[in-house]
Amino acid sequence: MAEAIRGVAGNTSAITGTIGDIDSQGKKVSMEMESVSAATEEQSASSSEIATASDSLAKLAQDLQNSLSRFRF
């Protein structure tokens, strides 16, 4: 009987250790997901800046085209 109790205690200890490992891995995954989320947010902001710059460049090109159309070549 005592040996069975020690066996159960040993199994309980192993399960507790495994749960601790799972918790640790879960925290690591959570941190990595936060990192990916931050990188995605930065990329989205960069894409928005690029779109704004592209629109500005298109307007400048149109203004230049309008200015050049006044001259005869």
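This note's numbering puts the first residue of the sequence shown at 1, with every later residue one more than the last.
Note that CB positions come from ideal geometry on N, CA and C, so glycine has one too.
Keep in mind that this is a model prediction, so the values were computed, not measured.
Where residue i falls: helix, strand or coil (DSSP)
i, result
"residue 44", "helix"
"residue 56", "helix"
"residue 1", "coil"
"residue 6", "helix"
"residue 24", "helix"
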